[in-house]
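First up is the structure itself, then whatever we jot down about it.
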Amino acid sequence: MYDQIARFYDLTHASLTDDIPFVLQLAADTHGPVLELGCGSGRLLFPLAKAGHSVTGLDLSAGMLARARVRLAHVETAVQNRITLHQTDITSFALPDAPTFGLAIVPYNTLFHLDSAQALAMLRRVKKVLGENGRLIIPIGSQKKQRLQL
446 MYDQIARFYD
456 LTHASLTDDI
466 PFVLQLAADT
476 HGPVLELGCG
486 SGRLLFPLAK
496 AGHSVTGLDL
506 SAGMLARARV
516 RLAHVETAVQ
526 NRITLHQTDI
536 TSFALPDAPT
546 FGLAIVPYNT
556 LFHLDSAQAL
566 AMLRRVKKVL
576 GENGRLIIPI
586 GSQKKQRLQL
């Protein structure tokens with residue numbers, strides 16, 4: 446689905462930045478690499494890497510990852526070196542050489558592309574790669590700036 450819209454995605458989503466300060470604060474508090482499941486073109490990856498965090502992005506869409514790689518080519522080398530991208534299914538990913546992560550992020554709408562069994566499989570995979578005190582954030586709610594904290 447996203448392969449067909451990848452080239453237009455940033456035109457409609459680049460302005461969605463309300464969650465970025467919250468994500469940056471959580472990343473700073475967790476002290477470890479960050480995993481983004483469903484990273485798309487890098488809406489969260491780039492601010493995290495620019496803030497000094499090592500970030501691994503996973504996405505099934507080759508088109509969206511191609512957009513992220515185009516963006517990656519236009520940032521400074523230090524930021525490039527902090528970002529790793531993988532084309533993989535977020536419900537069955539394996540990252541054998543990856544460290545444990547301090548923070549995992551399932552950005553808005555990503556969860557809604559999964560049925561219950563897939564969501565559970567994703568959560569099980571995330572549990573295996575999170576560090577002992579690692580955190581998982583799954584933003585939910587409407588675009589009316591409502592936030593539910595559990």
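Our numbering numbers the first residue of the sequence shown as 446 and each following residue consecutively.
For each residue, glycine too, the CB sits at the ideal point set by N, CA and C.
Just so you know, these numbers come straight off a predicted model, no measurement behind them.
Span of the alpha helix (DSSP H), counted from its first residue to its last, around L490
One-based indexing of the sequence shown puts residue 490 at position 45. L490 -> alpha helix (DSSP H) spans L490 to K495.
Element boundaries [alpha helix (DSSP H), containing T522]:
Mapped onto the sequence shown, residue 522 falls at position 77. That run of the alpha helix (DSSP H) goes T522 to Q525.
Any beta strand (DSSP E) of 3 or more consecutive residues that is wholly inside the region 514-554
528-532 and 546-550
Should R569 be labelled buried (16 or more other beta-carbon atoms within 10 Å of its own) or exposed?
For the purposes of this step, residue 569 is taken as residue 124 along the sequence shown, with counting starting at 1. Label assigned to R569: exposed.
Considering just the uninterrupted stretch of the beta strand (DSSP E) at I585, what are its terminal residues?
Counting from 1 along the sequence shown, the entry for residue 585 is found at position 140. Unbroken run through I585: none, as it is neither H nor E.
Would you mind giving the Cβ-Cβ distance between L482 and V551, rounded to the nearest angstrom? I have them listed as a contact below 8 Å.
As a position in the sequence shown, residue 482 is number 37, starting the count at 1. As a position in the sequence shown, residue 551 is number 106, starting the count at 1. That belief holds up - the Cβ atoms of L482 and V551 are roughly 5 Å apart, short of 8 Å.
Tell me which same chain residues have a C-beta within less than 6 Å of the C-beta of T536, skipping the five on either side of it?
Translated into the one-based positions of the sequence shown, residue 536 becomes position 91. Excluding residues within five positions, the ones whose Cβ falls inside 6 Å are Q563, A566 and M567.
In its own chain, which residues sit with a C-beta less than 8 Å from the C-beta of G579, not counting the 5 before and 5 after it?
Within the sequence shown, numbered from 1, the residue matching residue 579 stands at position 134. So the qualifying residues of the chain are T475, G477, T545, F546, G547, L548 and A549.
With a 10 Å radius around its C-beta and 16 neighbouring C-beta atoms as the bar for buried, classify I585 as buried or exposed.
Your numbering for residue 585 matches position 140 in the sequence shown. That one is exposed.
Whole-angstrom distance between S561 and L503, CA atom to CA atom:
Taking the first residue of the sequence shown as 1, we reach residue 503 at position 58. Taking the first residue of the sequence shown as 1, we reach residue 561 at position 116. Between L503 and S561, the C-alpha separation is close to 20 Å.
Where D504 falls: helix, strand or coil (DSSP):
Taking the sequence shown and counting its residues from 1, the one referred to as residue 504 is at position 59. Here D504 sits in strand by DSSP.
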